[in-house]
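So in the UniProt record's numbering, spot 35 of the sequence shown is number 35, and the numbers just go up one at a time.
Note that CB positions come from ideal geometry on N, CA and C, so glycine has one too.
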Amino acid sequence: MQTSPIYAVVDLETTGTNLKNGDRIIQIGCVLVSDGQIINHFQTNINPRMPISTPISQLTGITNGSVKNAPLFDDVAATIYSLLSDTIFVAHNVNFDFPFLNAELEKAGFPELNIPAIDTVTLSQILFPTAQSFRLRDLTSRLNINHDSPHSADSDAEATGKLLIKLMQALSDVPTKTLESITHLGLELPYETMDIFQRAIDARQNRNPKLASNLYIKDGIVLKKEAPIPTVNLAKTPSYPNSKKAKLKIFGEQLRYRGSQAKMMNMIYNNYSHAVPQNLIIEAGTGVGKTLGYLVPMLYLTYPNQKVVVSTATNVLQQQMASNAMTELNGILPFKVGCVVLKGNEHYLDLAKFIHSLSVVEDANQVQLIKARLLIWLLQTTTGDLDELQLTSYRAPYFNEITHQGIASLNPQNNFHDDDFLIRRQRQLVSANIIITNHAYLSQHAQELGEQLEEPYLIIDEAQHLSENILRQSRRTLNFQSVMTVAHLLQGLVNEGNNRNLSEVFAQLPMGIYNVKLLRTDLSDLETAIKQFEQALYRQFMLNISSADANQIIEQPIDNHTLLKMLSPKNSILASIEQALGSIHLHFNALHHLFESQANRWLASDRYLVTQFQSQLVHLTQADETLNQFIEILNKQLDAAVFWLTVQQSLEQSTMRLSGGLLTTNQFLMKQVYPYFKRPAFVGATLFSSSRSQFLYHQLDLDQQTTKVKKLPSPFNYAKQSRLFVAGDAPIISAHNYQEYIHYLSDTIYQITKNNPRQTMILFNSLLTIEQIYSQLRSTDLFTKRDILAQGITGNKEKLLKQFAAGQQSILLGAASFWEGIDLPKSQLELLIITRLPFDSPAAVLTKAENNWLQQNHKNPFYNSALPKATLRVRQGLGRLIRTEDDRGVAIILDKRIVERKYGQTMLKTLPADLPVKTLPTTEIIEETKSFFFKK
């Protein structure tokens, strides 16, 4: 009988990470795991015979005094060697621990450990594909594994041992077919990590585990069954719970009664129960419970067969609503409800393309690893939404090959057509009560949604962002360098060379040879025409621009009338581009038809080549769509548009990008969105920039006289829960004191965060300032004590938010996008620092253009744009701090203009009336902040 393997799970603490520099082990922890249980522990400090640096001591808690009387490694080497012999070595980052330990053993006179070794980081990446992070402490938090002392070898070893047990349990649940698909990928994983998958297959040789009831197999691929949408099954139409008593009856123990939320529910229900409902704006302060505040009445209004479309600002907010609100609604309502999330096609996996890609061995091992993760994810997802994954390489070229291009791009004859995730989504739209989308998707698909769903109700959540989302959607960039790169890649797939190409694939077919030859000519013509167009733009708009700084990015506004002439169909260069693109599509479609008509003759690698060409061709199509969108905007809204060229690296032409779009929605919402729905309701926590401002009405194309407005204040006790401190001695930034200002910021941030070890978010107006502050903080001891996350440096917004939410005493440096749409309750955010009032830069191309447009329309740019926008950002920024009635937090503004300028007083008046505001010297703010947190 074969005995179960023993896994030796090891963690080392060392003086540093560089063996060549003589770094040594200062602590070793080991647990032995067998049959899903920890069976033994070993731990010891080790005297490294060299000083332990202060940063290492602060990180690990191990000091020179701790190891003074500890054994030398030579003294314990025999014990360690004996303990680990005949085991399977396991570590969280085995590429560090295993060679480091072997080097120490060799120094002590022992041979290298000749045992298998596996890596729990890589296993976690494959088996837990939707994990936010693969740091040990983040994984243990996700899996509810107790891990009290990170960076202590014994605690880390035990936590990794428990993680290994969870991984083995997860592995045992993976169907054999999926395991076989993973082994066929030829993955190169650290040491013997890949053997784990083969061992799991071998262990099933004498038994055939039954496939889980929620899974099915299609052509050798295991997929999760489609999640059914709950159906309505009441004998009679339920009555809306209008009174408090009726609401309490349905809420039961599931939902706490809130007076302001109840008012919101009744207002919405009553408005839409009338024969002629009005447009409705509800500003519901944080804590009112606005999501259920509009969904509950809407679900009674739509029962049983109508639908409500809810549009919100971001994909993250869509997911939060879909997961959180649905659970609560189905817990309280007397009927079942279901929802469908709608996003752009590019967010979804094209299942057929992914299956094809499995048959091609990639040069990059990282791509093969992504395939393994996706195979496991297919056992878990019912939506195919790639946002469920936490892939930092989401923009890797491989994703161009497997992301969806829409239902129209699907082949109905493909075996996976009915399993496709967008086809599934279409089926679910029929029975869903709630359709959750985002503002960008709504602006592009309003007519389609309205007609398909038969004039549904419409809720615009985070309504203050609707207009800017539409404007952002209208703004595109044509990156000439990227277009040239794609054209070059396509030529590489067509031209004869060292690698297999389309010339070889179609070499035996006369029509194939003919179309490949024409395709080669088309691509060459396109490349020439794009170069000519780029040169023409440069000569027209950039030739006389000078730059003293070789690294400076130049944004040059361009004249719309001149650009329109250059984009005219009469322009021979533009005509050449359109001719070449049309011809490329024509000849590739001919090749594709030929390819599909003889589907059985091709190798998997041939199909992959054709798919690669098709995927890259999409980028050229998108570039062409951008050009055509520019032309449409210039023809239809010449005076409401802005265009500019961006060049960097000392005016290098090859870095040039053409950008442009609308400055104003110009009645777009009134004409292109609202007509396809019932009268919309607009909701948000921070909609108004002042009591008299017309900004919101203008942004939403609404008539104030025909719009009903209700403001519901936050129920939180700000006097008890929060403080706002303003630094009265903060310098006002100017060109001549910029370095002084940066020094003030870095020193103040250091002092505040050092003395207040709290979850801290620091908001900036520019990524450049973040970079400078991050650089200065790196030279302090703050990095050894706290996780410092910085936008544009350590990750993008989504990644940083996930790390921050899972962190303890982390510091996050964020810019524009962090001012809004973030939910970090309780201890996830305790201290907020606003470095500067968030006015748009007056030097920015878009700001200049918008200001000019406002002046031409006899409006004051400051009061009609700059101030309302900045005020809303301040409200939204401060709104991040207190999200529940149990939260406590401090906000600090390092910009005294908010108390010294008249417009600053306007901003302050929009904040909660009971929020205590104090103007103090910076040094006193540090102490007052500390005092607030200690006085519970």
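Rounded to the nearest angstrom, the gap between the Cα atoms of L342 and I752 is 43 Å.
Just so you know, the alpha carbons of L378 and R723 end up roughly 47 Å apart. Burial check for T611: the Cβ neighbour count within 10 Å reaches 16 or more, so the residue is buried.
For P557, the beta-bridge partners assigned by DSSP are W644. In the pairwise beta carbon analysis, the region 247-265 is classified as not touching the region 415-433: fewer than three pairs are separated by under 8 Å. Contact annotation: the region 656-671 does not touch the region 565-582, with fewer than three C-beta pairs closer than 8 Å. Rounded to the nearest whole angstrom, the CA to CA distance from L490 to Q616 is 7 Å. Membership of F354 in any beta strand (DSSP E) is not indicated; the residue belongs instead to the alpha helix (DSSP H) covering L351 to S357. In the DSSP assignment, Q261 falls outside any beta strand (DSSP E) and lies within the alpha helix (DSSP H) extending over G259 to S273. Contact between N433 and T312 fails: their C-beta atoms lie close to 17 Å from each other, not under 8 Å. Scanning the region 130-211 from its first residue to its last, the whole alpha helix (DSSP H) runs of 4-plus residues come out as 136-142, 153-173, 176-183 and 195-202. Burial is judged here by how many other beta carbons sit within 10 angstroms of a residue's own beta carbon; P129 has at least 16 and is buried. The beta-carbon separation of L669 and L700, rounded to 6 Å, stays under the 8 Å limit for a contact. Judged by their CB atoms, V296 and P456 are not nearer to each other than the 8 Å cut-off. Residue burial annotation: R425 is buried, with at least 16 other C-beta atoms found within 10 angstroms of its C-beta. If you look at K859, you'll find it isn't in any alpha helix (DSSP H); DSSP assigns it neither H nor E.
Selection D148, K166, P55 and P675 evaluated against G36 yields K166 as nearest (Cα-Cα). Within the region 434-483, the runs of beta strand (DSSP E) that reach at least 3 residues and sit entirely inside it are, in chain order, 434-438, 457-460 and 476-479. In this structure, DSSP gives R758 a state outside helix and strand, which the three-state scheme calls coil. Judged by DSSP secondary structure, A719 falls outside any beta strand (DSSP E) and instead within the alpha helix (DSSP H) spanning Y718 to Q721. Just measuring C-alpha positions, the residue of N18, T15 and S34 sitting nearest A8 is S34. Among the bridge pairs identified by DSSP, K918 is matched with F725. Between the alpha carbons of S149 and M761 lies a gap of roughly 24 Å. A direct Cα-to-Cα measurement between D781 and S359 gives close to 50 Å. Looking from the CA of L837, the closest CA among L410, G492 and I733 belongs to I733. The three-state reading of DSSP puts E283 in strand, counting E and B together.
In this chain, G65 is not harboured by any beta strand (DSSP E); it is covered by the alpha helix (DSSP H) spanning N64 to V67. Distance from M321 to I436 at the Cβ level is roughly 6 Å; contact confirmed, criterion being Cβ atoms closer than 8 Å. Under the DSSP definition of a beta bridge, L789 partners with L812. Taken atom to atom, the span from the alpha-carbon of V430 to that of Q380 is near 23 Å. If you draw a straight line from the Cα of N501 to the Cα of S605, it is about 10 Å long. For the 8 Å CB-CB criterion, E283 and L712 form a contact. Rounded to whole angstroms, the separation of the alpha carbons of S155 and L329 is 41 Å. Collapsing the DSSP output to three states places D119 in a strand. Q27 carries a strand assignment under DSSP once its states are collapsed to helix, strand and coil. The beta carbons of M542 and V642 sit no closer together than 8 Å.
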